[in-house]
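Participant: Let me begin by handing over the structure; questions about it come next.
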Amino acid sequence: MSTVVSSVEKEGENVGLHRFALFTACCTAFLIFVGGLVTSTESGLSVPDWPTTYGWNMFAFPFSKWVGGIFFEHSHRLVASFVGFLTVVLTLWTWFGERRTWVRWLAVAALAAVILQGVLGGLTVLLLLPAPVSTLHACLAQTFFCLVISIALFTSPSWKQGLPLIKSHAESIPLQTLCAATTALIYVQLILGALMRHTNSGLAIPDFPLAFGRIIPPFTSEKIVIHFSHRVGATLVAVMVLWTFSRIARSYSESRLLFRPALAMTILLAIQISLGALTVWTAKAVIPTTAHVATGALVLGTSLLLTLRTFAMMSVRIPAWK
Amino acid sequence: MRNRLMFVSSSILVLALAGCGGGGNNTPSLPPAPGGAPSAGGGAAPSATGTVTGKIAFEGTPPPNEKIQMSADPYCQQHNPNATTETVKVSNGGLENVIIYVKNAPAASYPAPSNPVLIDQHDCHYVPHVFTIQTNQPLKIKNSDSTLHNIHAWAEKNMPFNIGQPVQNMETQKSFTTEEMPLPIRCDVHKWMGAFVGVFPHPYHTVSKEGGQYELKLPAGNYEIVAWHEKYGQQTGMVTVADNGKAELNLTFKADAKTSD
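Just so you know, the sequences run in chain order G and R. Here the first sequence is numbered in the working numbering, starting from 1 and rising by one per residue. Here the second sequence is numbered in the working numbering, starting from 1001 and rising by one per residue.
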């Protein structure tokens, strides 16, 4: 159904930069998992000072003292520092090794985001985990992840050489719009998820798939409202993801650049919903709860990748009657 | 109140992030003081010449205190290998660690004692597990362990704090300015470490000891006495105390009562 038209651009390749950005993205995904562990184990305040650790320089804190909740919180700080370092290198490398100005500024934005993220992490400790700051910290983590994924995509040789163009079919909602809406909805859903975690609303509705044995729960507390909003969001995300996947499978399955991320996103969604159910059924056991956070980031990242590709590849529309 | 504030603030955050604009004032306001609390700035404190004694009895079979798994910290594991929870401590039919206080203390200005109340982190436990303190009375926090502890006061009406004590025998002094009951204290490093403190603007409070026994020194008058336990909630009773008189008030918690978990 899809038609490959041409490559549009040839540019000098900087495979090293692309691979480094990819590595940074992988480390960021790991960091999101480690950060999720801190909340899941309720270890966020087990190191009460920042940027020091019990008065020690963070990097000199003795390993023998990584006990109890300190292990999770201190590990998070160190992995975050490593990702911060990678981002500094990525920004410098992009600034001096990349010709496209907008990509260079995108790297600067990633650097600004990671610095702000570090400050928010510190504030959330010093202010004793206020829900708005902790939620913002969680959301900015997802935003930063998206920025790094974008840089990895934009610096990839295939992107720089020009992705193969595809003639899109005349549809009431263009695929690009559908993908963008899906990505935006996933992001909103992740905000709701962060809000649920940081207001301790994860078990406000203790059963699943029903809510207090009903379809619609009694809204007797703010926590129930937040929790149920997340479930409604999950349903909407599932509809959008399946809609996107079915559209691509039906009309653009020949394009592996679109089909693969669409398939991956759908599989990740199935895993994500299962993990969400497990989180409730196990009363927020550490591993499923944390994996739910990390998989959410992967769903978002995959959807973003797909969206950016659709915008790059789909420029010519084929009338529906052809 | 705090949850409501969190909800409002967080909702604003969501709207802002979703591009709907908005903003908000996240400054928490103090919840209203509970009814019956004496107002500050009254006259001189009356002489506490009367005595109320009694027993906090426990009916039924107390649930066993569970063994604490301390393997997360080798120091704790080594120094307190047989530690158990202290939630329900019953001796001679009496319930220990119950906070007993007067709800309707005479309105007066009660000067804060200068002697500090001590809470020690010893063998990865808080000692004592439950205690009371008067507003503005010094609270001395000590770490007797050769391992890191953080002491985190989960206050809602007072200013919460979270401080680290990485060095053995380190001491820190704090105080609470507002009545708050109960105020949980936790170590975020060692999840099993928890304590409760009752903060009162007057001196009429204590904690039940062995056998559930307690004693309160009170001025003459009629009083509503409250007994609070971390698992079983609270019981109340009325007592009349004469000048230089003695009165007795016994209260009972039942094992099958609805818990406050």
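Virtual Cβ for every residue (Gly too), placed ideally from N, Cα, C.
To be precise: take each residue of the segment 143-165 of chain G, compare its Cβ to all Cβ atoms of chain R, and keep it if any distance is under 8 Å. Which residues remain?
Facilitator: If the cut-off is 8 Å between Cβ atoms, the segment 143-165 of chain G has nothing near chain R.
Participant: Which of the three DSSP states, helix, strand or coil, is assigned to residue 1173 of chain R?
Facilitator: It is a strand residue.
Participant: Count the other CB atoms within 10 Å of the CB of residue 41 of chain G; is the residue buried (16 or more) or exposed (fewer)?
Facilitator: When all chains shown are included, residue 41 of chain G counts as buried.
Participant: Report back the beta-carbon spacing between residue 1173 of chain R and residue 1144 of chain R to the nearest angstrom; my notes put them in contact at under 8 Å.
Facilitator: So it is not a contact: roughly 16 Å between Cβ atoms.
Participant: The segment 45-68 of chain G: which residues have C-beta closer than 9 Å to a C-beta of chain R, in chain order?
Facilitator: Taking 9 Å as the Cβ-Cβ cut-off against chain R, the residues of the segment 45-68 of chain G that qualify are 45, 46, 47, 48, 49, 53, 54, 55, 56, 64, 65, 67, 68.
Participant: Compute the distance between the beta-carbons of residue 1084 of chain R and residue 1067 of chain R, then report whether it is under 7 Å.
Facilitator: Cβ atoms of residue 1084 of chain R and residue 1067 of chain R: closer than 7 Å.
Participant: Taking only beta-carbon atoms, is residue 70 of chain G less than 7 Å away from chain R?
Facilitator: Judged by the 7 Å Cβ criterion, residue 70 of chain G is in contact with chain R.
Participant: Taking the C-alpha atoms as reference points, what is the distance between residue 165 of chain G and residue 29 of chain G?
Facilitator: Cα to Cα, the separation comes out at about 30 Å.
Participant: Taking the alpha carbon of residue 1247 of chain R as the point to measure from, which residue in R:1139, R:1253, R:1237 has its own alpha carbon closest?
Facilitator: Comparing Cα positions, the closest option is R:1237.
Participant: Excluding five sequence neighbours on each side, which residues of the same chain lie with their C-beta closer than 7 Å to the C-beta of residue 135 of chain G?
Facilitator: Cβ within range, chain order: 194, 195, 198.
Participant: How would you label residue 57 of chain G, buried or exposed, when you count the other beta carbons within 10 angstroms and need 16 or more for buried?
Facilitator: It counts as exposed.
Participant: With C-beta atoms as the reference, is residue 1126 of chain R less than 7 Å away from residue 1119 of chain R?
Facilitator: Going by C-beta atoms, residue 1126 of chain R is nearer than 7 Å to residue 1119 of chain R.
Participant: Could you tell me if residue 1254 of chain R is buried or exposed, where buried requires 16 or more neighbouring beta carbons within 10 angstroms of its beta carbon?
Facilitator: Looking at its Cβ environment, which holds fewer than 16 other Cβ atoms inside 10 Å, residue 1254 of chain R is exposed.
Participant: Are the C-beta of residue 305 of chain G and some C-beta of chain R separated by less than 7 Å?
Facilitator: Not closer than 7 Å to any Cβ of chain R, the Cβ of residue 305 of chain G fails to qualify, so no.
Participant: Does the Cβ-Cβ distance between residue 1129 of chain R and residue 1162 of chain R come in under 7 Å?
Facilitator: Going by C-beta atoms, residue 1129 of chain R is not nearer than 7 Å to residue 1162 of chain R.
Participant: When the cut-off is 7 Å and only beta carbons count, does residue 1123 of chain R lie next to chain G?
Facilitator: Not an interface residue.
Participant: Quick one, are the C-beta atoms of residue 1094 of chain R and residue 1142 of chain R less than 7 Å apart?
Facilitator: No.
Participant: Any Cβ of chain G within less than 7 Å of the Cβ of residue 1150 of chain R?
Facilitator: Yes, contact with chain G.
Participant: Would residue 1120 of chain R pass as an interface residue toward chain G - the criterion being a Cβ-Cβ separation below 7 Å?
Facilitator: Not an interface residue.
Participant: Shortest alpha-carbon distance to residue 124 of chain G belongs to which of G:108, G:159, G:47, G:233?
Facilitator: Of the listed residues, the one whose Cα sits closest to residue 124 of chain G is G:47.
Participant: In the DSSP output, what is residue 71 of chain G paired with across the bridge?
Facilitator: DSSP, once it has assigned bridges, lists no residue as partnering residue 71 of chain G.
Participant: Buried or exposed, going by whether 16 or more other CB atoms sit within 10 Å of the CB of residue 1114 of chain R?
Facilitator: Answer is exposed; the Cβ neighbour count stays below 16.
Participant: Is residue 1072 of chain R close to chain G? Criterion is C-beta to C-beta, closer than 7 Å.
Facilitator: At least one chain G Cβ lies under 7 Å of residue 1072 of chain R.
Participant: Considering only the beta carbon of each residue, do residue 324 of chain G and residue 117 of chain G sit closer than 7 Å?
Facilitator: Residue 324 of chain G is absent from the model: chain G starts at 1 and stops at 322.
Participant: Within 10 Å of its beta-carbon, does residue 8 of chain G have 16 or more other beta-carbons around it, so buried, or fewer, so exposed?
Facilitator: Bear in mind that a pLDDT of 39 at residue 8 of chain G, under 50, signals an unreliable position, so the number given afterwards is only what the model happens to contain. It is exposed - the Cβ of residue 8 of chain G has fewer than 16 other Cβ atoms within 10 Å.
Participant: Comparing C-alpha positions only, which one of R:1061, R:1043, R:1185 sits nearest to residue 1159 of chain R?
Facilitator: For residue 1159 of chain R, the nearest C-alpha among the options comes from R:1185.
Participant: Smallest Cα separation from residue 287 of chain G: which of G:238, G:298, G:275?
Facilitator: Residue 287 of chain G has its Cα closest to that of G:275, out of G:238, G:298, G:275.
Participant: Quick one: is residue 945 of chain R buried, meaning 16 or more other Cβ sit within 10 Å of its Cβ, or exposed?
Facilitator: The first residue shown for chain R is 1001 and the last is 1261, placing residue 945 of chain R beyond what the model contains.
Participant: Taking only beta-carbon atoms, is residue 1239 of chain R less than 7 Å away from chain G?
Facilitator: No, its Cβ sits nowhere closer than 7 Å to a Cβ of chain G.
Participant: So what does DSSP say about residue 1190 of chain R, is it helix, strand or coil?
Facilitator: Reduced to three states, the DSSP call for residue 1190 of chain R is coil.
Participant: Taking 6 Å as the cut-off, is the CB of residue 1182 of chain R close to at least one heavy atom of the ligand ATP?
Facilitator: With respect to the ligand ATP, the structure shown offers nothing to examine, as it has no ligands at all.
Participant: Could you round the C-beta distance between residue 1139 of chain R and residue 1117 of chain R to whole angstroms and report it? I think they count as a contact, below 8 Å.
Facilitator: Rounded, the Cβ-Cβ distance is 5 Å, consistent with contact.
Participant: Anything in chain R within Cβ reach of residue 128 of chain G, meaning under 7 Å, just list it in chain order.
Facilitator: Here the neighbours are 1160, 1162.
Participant: Look at the Cβ atom of residue 36 of chain G, then the Cβ atom of residue 293 of chain G, and state whether they are nearer than 7 Å.
Facilitator: Against a cut-off of 7 Å, the Cβ pair of residue 293 of chain G and residue 36 of chain G comes out as a contact.
Participant: Would you give the residue range spanned by the alpha helix (DSSP H) that residue 1214 of chain R belongs to?
Facilitator: Unbroken run through residue 1214 of chain R is the beta strand (DSSP E), 1213-1218; no alpha helix (DSSP H).
Participant: Measure the alpha-carbon distance for residue 259 of chain G versus residue 309 of chain G and round it to whole angstroms.
Facilitator: The alpha-carbon atoms of residue 259 of chain G and residue 309 of chain G are separated by roughly 11 Å.
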